[in-house]
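The block underneath contains the structure these notes are about, expressed in structure tokens.
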Amino acid sequence: MTDTQNPAKAAASQPGGRSALRYLLQGERPYMLYVAFAIMLIVFSLASPWFLSIDNFLNIGRQTTLVSIIAVGMTFVIISRQIDLSVASTLALSGMSASLAMAFVANNWVVGAVAGLGTGALIGLLNGVLTTRLEIPSFLVTLGTLSGARGLALMVTNTKPVIITNEYYFAIFGEGSVLGIPAPILWTLGVTIAGILLLHYSVYGRRVYAAGGNPTAALYSGVHIKQVTTLAFVLTGTLAGLASLILSARSHAARPDVVQGMELDVIASVILGGCSLFGGRGFVLGTLLGSLIIGTLNNGLVLLGVSSSLQLVIKGAIIVAAVAFTRR
Amino acid sequence: MIEQGSIAPFSGTPLLRVEGVRKRFGGVNALRGVSLEVRSGEVHALLGENGAGKSTLIKILSGVHVHDGGSIEIDGKPVSFSSPARSRDAGVAVVYQDLSLVESLSVADNLLLGREPKTRLGFLKKRQLVAQAEAFLKSQNIPLDARAMVGSLPFAYRQMTEIAKALMGDVRLLILDEPTSALTDDEEKILFEAIRAVAARGVGVIYVTHRLNEVFRISNRVTVFRDGQNAGTFVTAQTNMRQLVGAIVGQDHAVLKADGAVSGQGMTPSVVFSEKPVLELKGVSNDRLDGASLELRAGEIHGLAGLIGSGRTEILQTIFGLRPAQSGEVSLDGVSLKATDPAAVIGLGIALVPEDRHVQGLVLEHSIERNLTLPRLPYFSRLGWLQRGPASVHANAAMRRLAVKAPSALTLVKNLSGGNQQKVVFGKWNEPRPRVLLLDEPTVGVDVGAREEIYGVIRAAAAAGSGVLLVSSDLSELLQLCDRISIVVDGRITRTTMRPDFGSAEDLHHLIQISQPSEEHAA
Chain Z
1255 MTDTQNPAKA AASQPGGRSA LRYLLQGERP YMLYVAFAIM LIVFSLASPW
1305 FLSIDNFLNI GRQTTLVSII AVGMTFVIIS RQIDLSVAST LALSGMSASL
1355 AMAFVANNWV VGAVAGLGTG ALIGLLNGVL TTRLEIPSFL VTLGTLSGAR
1405 GLALMVTNTK PVIITNEYYF AIFGEGSVLG IPAPILWTLG VTIAGILLLH
1455 YSVYGRRVYA AGGNPTAALY SGVHIKQVTT LAFVLTGTLA GLASLILSAR
1505 SHAARPDVVQ GMELDVIASV ILGGCSLFGG RGFVLGTLLG SLIIGTLNNG
1555 LVLLGVSSSL QLVIKGAIIV AAVAFTRR
Chain R
363 MIEQGSIAPF SGTPLLRVEG VRKRFGGVNA LRGVSLEVRS GEVHALLGEN
413 GAGKSTLIKI LSGVHVHDGG SIEIDGKPVS FSSPARSRDA GVAVVYQDLS
463 LVESLSVADN LLLGREPKTR LGFLKKRQLV AQAEAFLKSQ NIPLDARAMV
513 GSLPFAYRQM TEIAKALMGD VRLLILDEPT SALTDDEEKI LFEAIRAVAA
563 RGVGVIYVTH RLNEVFRISN RVTVFRDGQN AGTFVTAQTN MRQLVGAIVG
613 QDHAVLKADG AVSGQGMTPS VVFSEKPVLE LKGVSNDRLD GASLELRAGE
663 IHGLAGLIGS GRTEILQTIF GLRPAQSGEV SLDGVSLKAT DPAAVIGLGI
713 ALVPEDRHVQ GLVLEHSIER NLTLPRLPYF SRLGWLQRGP ASVHANAAMR
763 RLAVKAPSAL TLVKNLSGGN QQKVVFGKWN EPRPRVLLLD EPTVGVDVGA
813 REEIYGVIRA AAAAGSGVLL VSSDLSELLQ LCDRISIVVD GRITRTTMRP
863 DFGSAEDLHH LIQISQPSEE HAA
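Protein sequence lines, in the order shown, are assigned to chains Z and R.
So for the first sequence, my numbering puts the first residue at 1255; every next one is plus one.
So for the second sequence, my numbering puts the first residue at 363; every next one is plus one.
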């Protein structure tokens, strides 16, 4: 990392006990992210008459749910100096698992949820164990599970979707709402708050930072790095499982070929949100904002009628530019 | 410039003349008019505590910073370097503490990195590259194998590669920033010879160090900075340790009153330690140890002396659960220690201050508080949730007790000086007291004042009943602190002596040397 920090300034900006809240709001690269988000909102509002409306914002919230939820887990993985490329495939397999469990075991939403979350957790565990016990770089391990889990998802039904009929399931994960806020957005908020508590207020979170900030020093300080890292993968896998429930509840079916390539949006959100790929830095709220920025970008470009191919190009350029900018 | 002692008759212009140079950083006066004169062919030592201004002057000479006032002349011509490239063009080369070599490449590859001889199609001319590097090393009288892989070299030879790399091109002034902080005496000797060879060719050498005894072995003259000002320039042959320490810390400083601290002649053993060992190794062997046996008593400071690579560090690592013991037994309070990971060992009351604080001891990007509390997070939590109050109270108390100089507990550790960083590493293990404190080179890269404070912390730990096992390459440090010293050779303890039988640093050095097996394996 090349950023040099002025000691006097660092001390001045963190007086006493309120620093935790401040840290949550600012992260380590304050303001730039918020400025980028604000500029984007203004540009799209001026360019499209449909952009600035509650309905559209709820729309953006729903569209970014999957990425946001998984990105919270990915924040833990990346802070601990690892990467998880398998999240989209994990989501697909978890969805198949949930829908098949409801079709063949019992048509009960609890059964579906346990199957979906459990499958995600298991793949996370596999990623974590292979990474820490066999000491294979997580890039390679999760590249393997990316392929393997997708293959399994396609195999179980011979690529056919599985229809879901459970009304409770739809309500809880997809179509219900509380005080007008749709369930997927509530799930996003819940996961984000839980993530903030776990990362910034728990012993486990502190260890994640240490394991990624300097694994050797953490080991010498008695941190069980392998457990800490494995748990980060399990967390991410489980959240991919949760995302699969939300997606399949929305479409009343689980399909094995969904969300291919979504891992890139997830990782981009985390990095855009201020995490360092070299570990040890990042914060959950930044990740959420990163994901919202990418979601808003997608939404705004659609409203402006930009062709989907050009959307990809613009999105790529903006992500790289934004990261380069916030890195200063 | 205050010049003490007469100097060999000298006429003509010096290679480098720094006169009244000033530099401010914001509100901090880093340099308040310092002067320095280096002649060609001279090794000029530069001493001073951290923050005295040595680094700032070096950064000005190397073109990283521009000075605010005063003058710098090379060969009588005024210069001001606006960039490192300009400084380099004027013939100034700097070797920094942290090596900047590619370990997976050979010495020759490293020397010619970026200017490799190549064919017109861009292919590397390997044979010519090695030949060019060998010719250069020979012309500089540097005893290095151009084909050796840098990662496989002992530290002194890597350091030498770094110096050779700095000397590529037309170098007039070579600046060495603490080149020996990780070297054994033998390695140091090799390096010093290389430095003398360089000076003999007419290059002026500025040698920055914390180690006073080196000054006497390598330098012709020595300049001391204190608080951004000159505290004296001495002809090395006409000064002594006491005078230099006086200049470094200021005459009224407490260090001088503790006589033992300066002369290296230790204090009397203050503690009558218990007879029952708190920690015992019986014939412990693994990949690096070969039947190591050792007894550590409560309240004792027990030194491990030996060459780098003798297995001193590995003994500590084995006790700490970082290396499994294949045979033999480690026992704590008479109970066999089966733990094989640091977390369990820490739980039993064993603490390690590791050799490399940047890599093993600290998370540099994190705050002092985070680092201090890391080994004991459960103490500061309830049901897995951190209690920020107790953690912050603990951190502030530890900082006060160890006199860590920092604006607050939330200051990032990377912004601290070496001595204060090391105090933070000690602070991780200070409270509650560990049963056994393992120390690996605890004062490397730490300035004189902070070193004394760290010695105080070590003595206090022993006085409170911890058994302290101390690995150090600094023999006077061992003599000053230890109640007993064991010599480590090839993963075994060959001899243990009690304080009354220590003798001088020279005796101890001799003891280490004669304990070596006959075949010398130099690089």
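All residues carry an ideal CB built from backbone N, CA and C; glycine is no exception.
Quantities reported herein were computed from a predicted structural model and do not represent experimental measurements.
Excluding the 5 residues flanking it on each side, leucine 1312 of chain Z has no same chain C-beta neighbour closer than 6 Å.
In its chain, beyond the 5 residues on either side, Ile436, Val441, Phe443 and Arg534 have a beta carbon closer than 8 Å to the beta carbon of alanine 452 of chain R. Contact between isoleucine 855 of chain R and isoleucine 874 of chain R fails: their C-beta atoms lie close to 13 Å from each other, not under 8 Å.
About 5 Å separates the beta carbon of leucine 1339 of chain Z from that of leucine 1397 of chain Z, a gap short enough to meet the 8 Å contact definition.
Considering only beta carbons, the part of the segment 1514-1542 of chain Z lying closer than 7 Å to chain R consists of Gly1534 and Arg1535, in chain order. Judged by beta-carbon spacing, threonine 1484 of chain Z lies within the 7 Å limit of glycine 1382 of chain Z, meaning their Cβ atoms are closer than that value. Straight-line measurement puts the Cα of asparagine 391 of chain R at about 59 Å from the Cα of aspartate 1309 of chain Z. When Cβ-Cβ separations below 7 Å define contact, serine 1322 of chain Z makes no contact with chain R. The alpha carbon of alanine 765 of chain R has as its nearest neighbour, out of R/Asp649, R/Val819 and R/Gly690, the alpha carbon of R/Val819.
Under the criterion of beta carbons closer than 8 Å, proline 505 of chain R and glutamate 549 of chain R do not qualify as touching, at roughly 12 Å. Within the DSSP bridge table, the entry for methionine 761 of chain R names no partner. Only residues of its own chain outside the window of five on either side were considered, and among them Ser468 have a CB closer than 6 Å to the CB of methionine 511 of chain R, listed in chain order. With its beta carbon less than 7 Å from one in chain R, alanine 1471 of chain Z belongs to the interface. With contact defined as three or more Cβ pairs closer than 8 Å, the segment 684-703 of chain R and the segment 756-772 of chain R are not in contact.
Judged by DSSP in its simplified three-state form, histidine 572 of chain R adopts coil rather than helix or strand.
In this structure, the CA atom of valine 607 of chain R is about 26 Å from the CA atom of arginine 719 of chain R. When only Cα atoms are considered, glutamate 868 of chain R and alanine 599 of chain R end up about 20 Å apart.
In the structure shown, alanine 561 of chain R adopts helical secondary structure according to DSSP, grouped into three states. In the DSSP assignment, serine 445 of chain R falls outside any beta strand (DSSP E), carrying neither H nor E. Taking the beta carbon of leucine 748 of chain R as reference, the chain Z residues within 9 Å of it are His1454, Tyr1455, Ser1456, Val1457, Gly1459 and Arg1460, listed in sequence order.
Close CB contacts of leucine 1555 of chain Z within its chain, under the 6 Å cut and outside five residues either way in sequence, are with Gln1565 (chain order). Taking the beta carbon of serine 1475 of chain Z as reference, the chain R residues within 7 Å of it are Leu736, Pro737 and Lys790, listed in sequence order. Contact annotation: the segment 1495-1511 of chain Z touches the segment 1342-1356 of chain Z, with at least three C-beta pairs closer than 8 Å. Bounds of the beta strand (DSSP E) holding glutamate 642 of chain R are 639-647. Assignment of isoleucine 670 of chain R by DSSP, reduced to helix, strand and coil, places it in the coil class. About 5 Å separates the Cβ atoms of valine 405 of chain R and serine 581 of chain R, confirming a contact at the 8 Å cut-off. Counting only runs that start and end inside the segment 1423-1457 of chain Z, the alpha helix (DSSP H) elements of at least 4 residues fall at 1437-1455. Looking at the DSSP output, serine 828 of chain R shares a beta bridge with no other residue. Contact check for valine 808 of chain R against isoleucine 730 of chain R fails: the beta carbons are separated by 7 Å or more. Closer than 7 Å to the CB of glutamate 803 of chain R there is not a single CB belonging to chain Z. For threonine 1550 of chain Z against methionine 1294 of chain Z, the beta-carbon gap comes to about 6 Å, under 8 Å, which counts as contact. Apart from the 5 residues on each side of it in sequence, isoleucine 1324 of chain Z sits with its Cβ closer than 6 Å to the Cβ of Val1341, Leu1493, Ala1494, Ala1497 and Val1520 in its chain, given in chain order. When C-alpha distances from valine 1567 of chain Z are compared across Z/Asn1552, Z/Ala1578 and Z/Leu1557, the shortest belongs to Z/Asn1552. By a beta-carbon distance limit of 8 Å, leucine 473 of chain R contacts alanine 526 of chain R. Their separation comes to about 6 Å. Given a length threshold of 4 residues, each whole run of the alpha helix (DSSP H) inside the segment 1376-1424 of chain Z is given here in chain order: 1392-1410 and 1421-1424.
Contact between isoleucine 1333 of chain Z and valine 1462 of chain Z holds, with the beta-carbon distance rounding to 5 Å and staying under 8 Å.
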